[in-house]
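Residue numbering for the sequence shown is 18 to 638, as defined by my numbering.
What follows is a set of notes on a single structure, which appears directly below.
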Amino acid sequence: MKGWWGRILRVDLTNNKVWVQEYSEEVAKNFIGGRGLAAWILWNEAKNVDPLGPDNKLIFASGPFNGLPTPSGGKMVIAAKSPITGGYGDGNLGTMATVHLRKAGYDALVVEGKAKKPVYIYIEDDNVSILSAEGLWGKTTFETEKELKEVHGKNVGVLSIGPGGENLVKYAVVISQEGRAAGRPGMGAVMGSKKLKAVVVKGTKEIPVADKEKLRELSQEAYNAILNSPGYPFWHRQGTMAALEWTNENSALPTRNFSDGSFEFARSIDGFTMEGMKVKQRGCPYCNMPCGNVVLDADGQESELDYENVALLGSNLGLGKLNEVSVLNRIADEMGLDTISLGVSISYVMEAKEKGLIKDENAPEFGDFKKAKQLALDIAYRRGELGNLAAEGVKGMSEKLGAKDFAMHVKGLEVSGYNCFIYPAMALAYGTSAIGAHHKEAWVIAWEIGTAPIEGEKAQKVEYKISYDPEKAAKVIELQRLRGGLFEMLTACRLPWVEVGLSLDYYPKLIEAITGVKYTWDDLYKAADRVYALMRAYWVREYNSNWSREMDYPPERWFKEGLKSGPYKGQHLDKEKYDVLLNEYYKLRSWDERGIPKKETLKDLGLEFVIPELEKVTKLE
Numbered sequence: 018m019k020g021w022w023g024r025i026l027r028v029d030l031t032n033n034k035v036w037v038q039e040y041s042e043e044v045a046k047n048f049i050g051g052r053g054l055a056a057w058i059l060w061n062e063a064k065n066v067d068p069l070g071p072d073n074k075l076i077f078a079s080g081p082f083n084g085l086p087t088p089s090g091g092k093m094v095i096a097a098k099s100p101i102t103g104g105y106g107d108g109n110l111g112t113m114a115t116v117h118l119r120k121a122g123y124d125a126l127v128v129e130g131k132a133k134k135p136v137y138i139y140i141e142d143d144n145v146s147i148l149s150a151e152g153l154w155g156k157t158t159f160e161t162e163k164e165l166k167e168v169h170g171k172n173v174g175v176l177s178i179g180p181g182g183e184n185l186v187k188y189a190v191v192i193s194q195e196g197r198a199a200g201r202p203g204m205g206a207v208m209g210s211k212k213l214k215a216v217v218v219k220g221t222k223e224i225p226v227a228d229k230e231k232l233r234e235l236s237q238e239a240y241n242a243i244l245n246s247p248g249y250p251f252w253h254r255q256g257t258m259a260a261l262e263w264t265n266e267n268s269a270l271p272t273r274n275f276s277d278g279s280f281e282f283a284r285s286i287d288g289f290t291m292e293g294m295k296v297k298q299r300g301c302p303y304c305n306m307p308c309g310n311v312v313l314d315a316d317g318q319e320s321e322l323d324y325e326n327v328a329l330l331g332s333n334l335g336l337g338k339l340n341e342v343s344v345l346n347r348i349a350d351e352m353g354l355d356t357i358s359l360g361v362s363i364s365y366v367m368e369a370k371e372k373g374l375i376k377d378e379n380a381p382e383f384g385d386f387k388k389a390k391q392l393a394l395d396i397a398y399r400r401g402e403l404g405n406l407a408a409e410g411v412k413g414m415s416e417k418l419g420a421k422d423f424a425m426h427v428k429g430l431e432v433s434g435y436n437c438f439i440y441p442a443m444a445l446a447y448g449t450s451a452i453g454a455h456h457k458e459a460w461v462i463a464w465e466i467g468t469a470p471i472e473g474e475k476a477q478k479v480e481y482k483i484s485y486d487p488e489k490a491a492k493v494i495e496l497q498r499l500r501g502g503l504f505e506m507l508t509a510c511r512l513p514w515v516e517v518g519l520s521l522d523y524y525p526k527l528i529e530a531i532t533g534v535k536y537t538w539d540d541l542y543k544a545a546d547r548v549y550a551l552m553r554a555y556w557v558r559e560y561n562s563n564w565s566r567e568m569d570y571p572p573e574r575w576f577k578e579g580l581k582s583g584p585y586k587g588q589h590l591d592k593e594k595y596d597v598l599l600n601e602y603y604k605l606r607s608w609d610e611r612g613i614p615k616k617e618t619l620k621d622l623g624l625e626f627v628i629p630e631l632e633k634v635t636k637l638e
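This is the structure in structure tokens:
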């Protein structure tokens, strides 16, 4: 094979065993890499397992774009059965670890079992060691990466967990490069459950490609197109932070636990304020449009910001000082906690206290930075009754308190940075996301509103009317095929296309130059549909008889309450109309009315092997 190694590195921590598994060219072509390869492994190997037990598989998966000079191709997917949702879980991050893993001769690393004491895995080409991490256990992710680079040299990729992962916080993540995070659905907790503190990778091999000169030409052309895009200068200034002013103008900014869509102190935490505070920028490997804007926080320390962190740890908590929001963001990165789920979990505690459901005097109220900061640390260490409760996430808290109406999650995963009282397409994207409420697979809200935040320096407020047009379901699927399919399989960043308009036509050409395989767009869409159907089948199998279409519904708040302020005050989603839109989504995907792929659909996608397993838990149409 060209472009793929066809090799998966396997590590069994229980038995201290390391080996290499080869996989077929057919699997490579059908699932491509990244998320596709991870979903295929999980389906085959993680059946009805305890997410925090030794039988769960923790997968670090790369794709054919990684380790090569492809536009923003420095991503890695980390996947496992999720401890916070009980279904398929993954996330991607930019990291030198993906470059080195590919150059070491592997397309993925799969870790199983559980070490008796803390360990880390060191990979240097064909030499793989399981080494003691007892001296690193308890350290932050920043401290861990620094110490491991002092031992193994700066030219390595490091992935690590902090106290959040060690203490099995349900939304702990894996961190690299002091601010790159992956695995919102608890991948850090899975890593911690295996007593795996870190993975360090150094690779020196040349990745075999089909047409090296063509790859070089296409990549250079794409890099130049990015730099010459009209939107590039403003992107370089603000990156994703431009979205804060835009969401606030269009009543979509999460505010005080998603109870409203605009924040009175939005100007104090937006991209323009960030510009004045910025001290440096960071990017992922092979990226020429870095999005990591670094500021000095209220403690005088560096904190890397993007929109999602600031929305969920800022306006969503009622906090209007960017230097204080930056402290919470840095704590999350050091502790190895997902900034989004941390923000929503703290905001749930704040509202529960406001409603008298939590009476702990240490619980923060909206706008209380000091108590929010303390709670973030208590969550990471599971300290005290409140810290331990909030470490379970919003779904777990709401079930314990019997208060689900303001619990902002889908399938157990907290909602990210878009408030959808009036945006049914984005609500549908959250409802049908493969991992729970996450925006990365279908950022459809920009299309739904009709303007995007990087189109100019000033956010536009547009004329908008709530619509449940069937076209919205089609648009969600189109974006899931691209954002959640193509980019997650390659594995590459979607931002060159989304934010500065890099032509999608580069991607099949680049794949062909790398692998020698000529994919049509129909082929790529079918591969994406294949992976989505497999991830959905995984959910259905793991939930057994408990799966239902209601799992594809967004939070109740968006149906039962209205916006509290702004031009759309009082408006909210209509559940019956949402249901019709969801039916259209299922119809277009050829899934049944429960949201389960039909037999013929599975056969058409080459997933016949899924049918016998699903028929053990449900009747297929």
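Where is the CB? At the ideal position from N, CA and C, for every residue including glycine.
Cutoff 6 Å; reference residue i; Cβ partners in own chain excluding five residues on either side
i	result
G248	I471, V517
I140	A121, V218
V627	A554, L619
H455	S433
F48	L54, W57
Y485	P441, K594, L598
P487	E601
Reduced DSSP secondary structure (H/G/I, E/B, other) of residue i
i	result
T618	helix
Y76	This sequence places Ile at residue 76; Tyr is not what is there. The answer is strand: DSSP assigns I76 an E or B state.
K171	coil
G639	Any question about residue 639 goes unanswered here, given that the chain covers just 18 to 638.
H117	helix
A490	helix
I25	strand
M306	coil
T158	helix
N379	coil
N563	helix
N460	Per the sequence presented here, residue 460 reads as Trp, with Asn not at that position. Three-state result, W460: coil.
E431	strand
I466	helix
A206	helix
Q477	coil
Y11	This structure gives no information on residue 11, because the portion of the chain shown stretches from 18 to 638.
Delimiting residues of the alpha helix (DSSP H) encompassing residue i
i	result
S146	Careful: S146 lies outside any alpha helix (DSSP H), inside the beta strand (DSSP E) at 144 to 149.
S343	339 to 352
N326	324 to 330
R52	52 to 62
G448	441 to 449
N241	229 to 244
D395	386 to 398
M367	356 to 371
Integer-rounded CB distance, given that residue j should sit under 8 Å from residue i
i	j	result
K478	E266	4 Å
C437	L590	7 Å
T157	G179	5 Å
Y137	V216	7 Å
Nearest-angstrom Cα separation, counted from residue j out to residue i
i	j	result
L244	P88	11 Å
L401	E351	Before going on, a small fix: residue 401 reads as Gly here, not Leu. The alpha-carbon atoms of G401 and E351 are separated by roughly 20 Å.
E382	V366	8 Å
D314	G360	17 Å
A283	S562	45 Å
A530	K229	7 Å
E234	D522	14 Å
G309	M294	13 Å
A491	Y570	17 Å
G288	M258	5 Å
L339	L322	10 Å
V534	P86	18 Å
I613	W564	9 Å
K133	K212	7 Å
A424	L394	22 Å
L69	E409	13 Å
E416	K370	16 Å
Close Cβ partners of residue i (< 7 Å) along its chain, the five nearest in sequence each way excluded
i	result
N326	N346, T356
L631	A554, V557, R558, L637
W514	L521
A239	P88, L519, Y523
Where the beta strand (DSSP E) through residue i begins and ends
i	result
M294	Premise fails: M294 lies in the alpha helix (DSSP H), 288 to 294, not in any beta strand (DSSP E).
I5	Outside the shown range of the chain, which is 18 to 638, sits residue 5, and nothing can be said about it.
Check: residue i C-beta below 8 Å from any heavy atom of the ligand PLP
i	result
N379	Among the components modelled here there is no ligand, and therefore nothing to report on the ligand PLP.
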